[in-house]
Every structure is written in structure tokens, then in C-alpha cells.
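Counting the sequence shown from 1 gives a position; the working numbering is that position plus 2.
Idealized CB from N, CA, C, for every residue including glycine.
Just below is one structure, and these are the notes that go with it.
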Amino acid sequence: MVFESLTAVSGRDAELVFFMEDDQYLLQDFLYMAIYMRKVATSLPQCNMLSMATVSDGTFMGNDSYRTEFTTWQPKYFSDVLGFDFATWNTIVSHFDMFCLIDDSWSRSVQYISLNRVDGERFKVISSEMPRSFKTSCGIGRGVTNCGVFEGIYKALNIIKRQRDDFFPPYLEVYANIELVDNDFIGFDIMKNNRVRIDIRNQELCNNITRAKVKKILLDMKTQFSSLTM
């Protein structure tokens, strides 16, 4: 329940917030593309998220710079730099019991919600065919002093050199690829991750913190409503 408590998003319910790790290298038209894709997303049915860093081998054609894909969200491909607004956040919070059930990673928790939402819908994402951010494996806490030796840095710099004329595209093409993959449900073991079994204490901590926050929000809403009716 940290998202809505951030000072940067206070009072900005309609804004988009990106979550990323500290080892991401952002290309120069990152913000331009984020704003453009956000506008496009408003016209797409039930588009919940924006992804700016998809899995890629770093090989692109010129027209890839303005191509986007609208598809079902998958944590394997669309988690490194992920953006969403309060509407999507509230959907996640409304399923907090499912979120807290999974203990190994936030992306797997969100995937579990996507597979089991009350409304039967899965989270959908618009992503850039040419990523606007690359993982460098060089960030705070990694004990690295020479980030220039990392493949991620070279990949980003090479793309900047090769695609220099393709940044800031004047228009975007959207390709819809909404396929519900039934085998997503197969092998999703909620009782354990790849390393250790779920710690029930983490589940209870997650649930208790969220319940307390939800109760506070409801009480605040009740107080506001009472003041309006007096």
C-alpha cells in the first residue's frame, strides 16, 4: 500500500506512474513515447498498463520505432519498466488477498490476480516494439564501479547510434494481439516459488497492512460524505 502514499503522486489520481529498477538505461525519447502511448492507450479497450522495456535482442528495423503492440500482460516480457495509474492500482488493491497469497515477487502476484480477477478480465498492456529502456545490470547496491563494461550499456548506446533518426516518431502504429493462453494456469503453484516455500508470516503482514489501509480510506470517505450531508 505504498503507491498512493508517494508524495510525487499525491493528488494526481489520473496520472501515470512508472516502476523500474535502478539499473535501467532510458533512451532519449522515453518520456515522449510514454506520453504518446498513454494517449493511445485511452482509446484501447481495457488497456491497464504501459511497458517501455520488453525482452529484445537489440536488433530493430527503422519502422520498429513507431510500432506498438496491445496484448495480454505477461510478467516475463513486460515487468522491467511498467507504468499504470490509480485505476489499475485500485484493481490490484481490491484483490489484495490474491496479491498477498503469492510471496516470491510482485510481478508473480500481479500475474495471479490477472489470471483470477473477479470480472474475468486479464490485465492488458501496450508496449513499444523498440524498447525505450534497457537493463544494464549496473546499479546501486551491486558493488560495480565501471558500468561501461556491461552489455546492457553497449546495447543501448548502439541502438542510439543506429536508430538516431528514428526517435520521436510522429505517429504510432498499434498491433492488437490479444490471446488468452490457457496454459498460463498450468503449473502456477501458489504454494511455492522457484527457491523457497511461502512464509505465512509474510502473507499475514501483507494482509494486515492492506486491511488497515483500506479501513482508513473507507473511514475517510464516510467522514467526507457525512460533512456533505450535514
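- For Tyr173, the three-state secondary structure derived from DSSP is coil.
- With fewer than 16 other CB atoms across the displayed protein chains lying within 10 angstroms of its CB, Ser139 is exposed.
- Between Thr212 and Val95, the beta carbon gap of about 7 angstroms places them in contact (Cβ cut-off 8 angstroms).
- With the rule of 3 Cβ pairs closer than 8 angstroms, the segment 70-79 counts as touching the segment 128-136.
- Of the candidates Tyr114, Tyr34, Phe20, the residue whose Cα lies closest to the Cα of Phe88 is Phe20.
- For Phe98, no beta strand (DSSP E) run applies; the uninterrupted alpha helix (DSSP H) run containing it begins and ends at 98-103, by DSSP.
- The residue among Gln26, Met22, Glu17 with its C-alpha nearest the C-alpha of Lys157 is Gln26.
- Pairwise C-beta distances place the segment 31-45 in contact with the segment 173-180, as three or more of them are shorter than 8 angstroms.
- Counted as a single uninterrupted DSSP element, the alpha helix (DSSP H) harbouring Phe32 occupies residues 32-43.
- Where Leu46 is concerned, there is no enclosing beta strand (DSSP E), because DSSP gives it neither an H nor an E.
- Phe169 is positioned such that its CB atom lies no closer than 8 angstroms to that of Gln76.
- Annotated three-state conformation of Arg69 is strand, per DSSP.
- DSSP places Gln113 inside the alpha helix (DSSP H), whose first and last residues are 108-118.
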